[in-house]
Each structure stands twice: as structure tokens, then as C-alpha cells.
Amino acid sequence: MNRILINIFSVIITSMYFFPFEFLFLPGINTKMMLAGVGLIILGKRLAQQGMGKIDRDFFFLSLLAFAISLISLITMTVNETKDDSFLTYFISMWVWMGGAYTVIRWLKMVYAHVSVELVCNHLIAVCVAQCIIAFMMDVYHPLRDFVDGFLGGEGFMGKTEGRLYGIGAALDVAGLRFAAVSVMIGYLLSKTSQMSEKKVIIYILSFLVIAVIGNMMSRTTTLGVILALIYWCYSSFILRQYTENKRLWIWLGGILCVVLPFVIYLYNTDTTFYKNLRFAFEGFFSLWETGKWEVSSNDILLKSMVVFPETWHTWIIGDGYAANPSIGSYADPYYIGPTYGGYYMDTDIGYLRYIFYFGVTGTLVFIGFMLKAALICINRFKGYKMMFLMILLVNYIGWFKVSTDIFLVFAIFLCVSLEEEKEAEEYRLSESKIGMV
């Protein structure tokens, strides 16, 4: 019973980091900030006990890149005489994410006696599955939604969204990119089914299907991770000729789909809410099946009105100093006399274009380099998970063709796991397996 409670509480803490939210009674302070505050206390205590304050080299260089993003933001604000400080404090945001991640990792190490990449992946998977189930239940059982809305503050990606499924701090494309990142984690882990128990294979496949279906109902950006995972399974099975190793994966996936698909079809034909949500989640596939054309409303909006490029070299190099809408909202500029937009600056939410319009190609390249550095640290530290981290990086880079959300938080939590801790966890697993064989 204690182990079950510990597992549940660990998932809750991880969710407070991965999908931060504000309480109604604490506006302006989200759960990520709370965890970062706790992390600062834990770090201070550990440094005092160890009697040294050594700064990790990788963290130092990553901080320099984050500071460069903030510096370029300051330059574009100064040159363009704007007050849009969207990225001015990015280096602080990075430290806050790292602080929150550090708290989660220290908690996992304390309650499980070890911490590893796989353990972190398992908790992130559990968090995403829980968020999907909560979002689905809130949509069909309104008393649960009323309960969550009773303490959930804010709107948009961290709060309540009208007309869309949302979890606790999980909504819109911000949630979609995180679901996509976790989908490729499952995809990578399932490529090693020969080393897993059947129970674990089944749990991973069911988790993947829950995120693929309900995650897409919340945000269709989830499809990106699902497709990358499927491509990797095919790549590892047929190109790398690991078909024998992945045979169990394909057998179990096919078997589970044979059971799940009839149930999904039944709900699609009998439940109006499920019908609406499923058609939204897979709008492109339904359109392709029914009309022979791939049409998705959000993509049509992106292509028709959001693809707009700078017209001056000044904007290309250093940007215009605007990321948010300068006409309305918290970043409204009283001295702005340009065109009025309905959404973001230049009416585009495409990530790369928003970055270019804000701090030019200069800042955009530094931001790309920052994400690359975070991924490379993880790859060099955990060489056995190289493909997983490359796919997560790919999720980020491809995602920027649609939205301007980055997924540094995904790398941050792995950055807080040391190579020594990964080795200790491997030794722990080996000792446990030997005990089980006795």
C-alpha cells in the first residue's frame, strides 16, 4: 500500500513539473516555481554538507547560451525601442526549469533508492497517460471538471480552454509537443522489447495508444511524436534488421489493436462527444478517407495567413522586437502605430517566423544552438539513449514549424540525472534480477 501511495505521489510531483499550473488562491505562482524553490533549498543543503560549490561544465555552457538569448532579446528591444521582453529573462526561465527538475529527480532518488533515464521516462509516460485520462473524464463527467476548475487558475495552455479537452495544466499545443516527446520515448523503449517482460510491453503499448488517441483530442501536435515513433519502429525493424528483436512488439501491437479498435469504432458510432473529439483528433485522416484530400483546419490557417516573411534586412538580422501582439494584451505598446493583428505579431504563430520577427536570424540561430546543446549533453552522457534524444530534438525542431513552444523542460529533467546515478541504477537492476533468479 505504501509503495502504491509513493508511486502516485511521485507521478503527481512529476506532473507538477511537466505540466505546471497555478492555483486560484496563488495567482502568478505556478507549481514549477514552487518546485524550483524547493530545489534551491535542497541544492543549498547538499552543497553545505559536501563543503564545495563546483559548477557543472555542461550546465555552465548551457547557461551561457541561455544568457546569449536574453542578451540578444535586450539588444533587439533597445535597437527597436520596444518593451516586449518575451525572451529577456530566458536564462532565468532555464534555471527555474532546472530547479524544478532537480527537485523531481532528488525525490525519485530518495523514494526509489536509484534514479535512471528509464525511471524518468516511466514517470513522464505515467504523467501523460494520467493527464489524458483526466482530460477525457472531465469531458464526459462534468462534476470532475467543476472540481478541477475549482482550484485550477489561469487560462490557455496552463489553465482552462473552451471547446477543447484539457487536463491539469495540460492543454493546446504546449501539451501536444510534450505528448509528442513522450510518444518518442515510448517508441524508443518499445524497440527493445526483447529485454522486457510481457507486462511492461503491454503497459507501454497501451500508454502509447492512450496518448495517441486522447492526446490528439487535446492537441493534434501529438501526431508528430506518434509518427516519429512509428517510423523508428519500422526503421529499427527493417533497415537495422532488428525484426527478430521487435517481433514481440509487432505481435502485441497487432493483438491489442484488434481488441481496442472495435471498442473505438463502437464509441465513435454511439457517443456524440467521442465522435466529435475523434474527428477533431484525426481530421486529416478522416478528410483523406472521405474526400481523397488531406485537409486540416489549423494547417489551412497556417498556410493561408501565417506564412509571412520579413521585408527588410534589419528584421532578418535583429528582428522588430515584437513576439506578442503589440496592439493588445499585456505586451501592448502605447507607441506602436503599425497594423493591428488578431493574434501574434504579424499574425503568425509559426515558431521560426515569430523568432525571426522578434530577434532576427541571429537570435533564432542561438536558440536553435541552445536546444542542440541540451540534446548533445544528454546524448554524450547517456549514449545508450542516443536515438531517443535525437528524436526528442527533432520533435522540437519540427514543432517550431507550427508553434513557438520549446521543450527544453524535457531535456532539463534528464540533465539532472548524472552518469554515475545511471550506472548505479543499472547495477541495482542487475542485482535485483540476480535475486529474482535465486
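Counting from 0, one number per residue, gives the positions in the sequence shown under numbering that gives the first Met the number 0.
Just so it is clear, CB atoms sit at the ideal spot from N, CA and C, and this is done for glycine as well.
Note that the coordinates shown come from a computational prediction; the quantities given were computed from them, not determined experimentally.
Which residues does DSSP pair with residue i in a beta bridge?
| i | result |
| --- | --- |
| L151 | F22 |
| N29 | E21 |
When you compare only the Cα positions, how much space is there between residue i and residue j?
| i | j | result |
| --- | --- | --- |
| P19 | L151 | 11 Å |
| V126 | I132 | 10 Å |
| L118 | K108 | 10 Å |
| M32 | L64 | 22 Å |
| V37 | K372 | 26 Å |
| D84 | W251 | 50 Å |
| I12 | G168 | 13 Å |
| A211 | E282 | 14 Å |
| K292 | N215 | 20 Å |
| R56 | I378 | 15 Å |
| F381 | Y274 | 42 Å |
| Y344 | S9 | 40 Å |
| R2 | A170 | 30 Å |
| L389 | D145 | 40 Å |
| P142 | Y165 | 15 Å |
| S182 | L392 | 13 Å |
| Y140 | F413 | 36 Å |
| D172 | Q48 | 42 Å |
For a quick check, are the C-beta atoms of residue i and residue j less than 8 Å apart?
| i | j | result |
| --- | --- | --- |
| V452 | S218 | Residue 452 cannot be examined here, being either before or after the span of the chain that is shown, 0 to 437. |
| I355 | W312 | no |
| L188 | L248 | no |
| A180 | I5 | no |
| F279 | G224 | no |
| G350 | W399 | yes |
| G186 | L227 | yes |
| G359 | T75 | yes |
| I255 | I202 | no |
| C120 | M195 | no |
| T81 | G253 | no |
Taking 8 Å as the CB-CB limit, is residue i close to chain B?
| i | result |
| --- | --- |
| L287 | Of the chains in the structure shown, none is chain B; there is only one protein chain. |
Runs of alpha helix (DSSP H) lying entirely within the region 59-124, each at least 4 residues, in chain order: Taken in chain order, the whole alpha helix (DSSP H) runs of length 4 or more contained in the region 59-124 are 89-111.
For the region 2-17 against the region 98-109, are there 3 or more C-beta pairs whose distance is under 8 Å? yes
Any contact of the region 111-124 with the region 414-427, i.e. 3+ C-beta pairs under 8 Å? yes
Would you check if there are 3 or more beta carbon pairs closer than 8 Å linking the region 81-100 to the region 59-73? Output reads yes: the region 59-73 touches the region 81-100.
Which runs of the alpha helix (DSSP H) spanning at least 4 residues fall entirely within the region 268-301, listed in chain order? 271-280, 282-290, 296-300
Cβ pair count under 8 Å reaching 3, the region 362-381 against the region 397-411: The region 362-381 makes contact with the region 397-411; the number of CB pairs closer than 8 Å reaches 3 or more.
Report the residue ranges of all beta strand (DSSP E) runs contained in full by the region 179-259; include only those spanning at least 3 residues, in chain order. none
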